[in-house]
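Participant: Residue numbers (this note's numbering): -16 to 233. Glycine is no exception: its CB is placed at the ideal position from the N, C-alpha and C atoms.
(1) Please report the distance separating the alpha-carbon of residue 137 from that of residue 113.
(2) Taking the DSSP output, what are the residues bridged to residue 139?
(3) Looking only at its own chain, which residues have a Cβ that is under 8 Å from the Cβ of residue 74, when we skip the five neighbours before and after it?
(4) Count the other CB atoms within 10 Å of the CB of residue 119; is the residue buried (16 or more) or exposed (fewer)?
(5) Let's see if you can read the secondary structure: which residues bound the alpha helix (DSSP H) around residue 35?
(6) With H, G and I counted as helix, E and B as strand and the rest as coil, what does DSSP make of residue 186?
(7) On the premise that residue 33 lies in contact with residue 235, defined as a C-beta separation below 8 Å, what is that separation, rounded to the nearest angstrom?
(8) Grab me the residues of residue 219's own chain with a C-beta within less than 7 Å of its C-beta, minus the 5 sequence neighbours each way, in chain order.
(9) Three-state secondary structure (DSSP) at residue 24?
(10) Which value, in whole angstroms, describes the spacing of the CA atoms of residue 111 and residue 39?
(11) From residue 29 to residue 16, what does the alpha carbon distance come to, in whole angstroms?
(12) In whole angstroms, give me the CA-to-CA distance for residue 150 and residue 182.
(13) Rounded C-beta distance between residue 192 and residue 180? I'm assuming under 8 Å.
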């Protein structure tokens, strides 16, 4: 596969030669542009994203995501992103974004009294390492969920189907960004179902996300939208940081 930077768009290239009769013949070779996913979600330590979150049933306000070191899950070293609301650390995800693709390896809920840890095996597959317009992908993972205070574990199956939907310009408080748009459906064998859309910008990360959650009968439970308010990515600042607050949704 030919991997091109997002700024490069080689659609075709013509070659002209003469056949045995002396007639000139032009060949056109078409190529899809591929995007390097590691550039679209930079997971360097201390990178920060602040989102404004609106949630139809729980809360709305600002929350910050911070890359806070590495953690090894199932023998693979990933990067830990921790989520803070009102300066209180709540949840953490462990992601891998390398030459094999973008994955979620683990989820750790620090906001509940039980401290629940979910480990995915194999990791949930969010994107190929080099992704093209309209490309589809999927994964099936075992989720081992453990209540750390008791050691009690249970397992379920997480099934993801995803597609890169193309390019889209997204305007948020932090600025206007040309993004790769991804659409996912995610289901769990115990009954949950989500429709998720993520927009990734080159050298910035997630700019916007939507998450609609449903019952097993596909009744909508909740809708959550996050838009980027501020980011500090590898020394570059986007937008202005706001002191975090969380309020109940109306």
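Facilitator: Considering the structure as presented:
(1) Going by C-alpha positions, residue 137 is about 34 Å away from residue 113.
(2) 126.
(3) Non-local C-beta neighbours of residue 74 in its own chain, meaning closer than 8 Å and more than five positions away in sequence, comprise 65, 66, 90, 91, 92, 93, 94, ordered along the chain.
(4) So residue 119 ends up on the exposed side.
(5) Boundaries for residue 35: no alpha helix (DSSP H) harbours it, while the beta strand (DSSP E) harbouring it runs 31 to 38, taken from the DSSP string.
(6) In the structure shown, residue 186 sits in coil (DSSP, three-state: anything other than H, G, I, E or B).
(7) With the chain represented from -16 up to 233, any question about residue 235 goes unanswered, as that position is not in the structure.
(8) Counting only Cβ-Cβ distances below 7 Å, and skipping sequence neighbours, we find nothing.
(9) Coil, per DSSP.
(10) Each residue's alpha carbon lies about 32 Å from the other.
(11) Taking the straight line joining both Cα atoms gives about 31 Å.
(12) Each residue's Cα considered, the two are about 9 Å apart.
(13) Rounded to whole angstroms, the Cβ separation of residue 192 and residue 180 is 7 Å, and the two are in contact under 8 Å.
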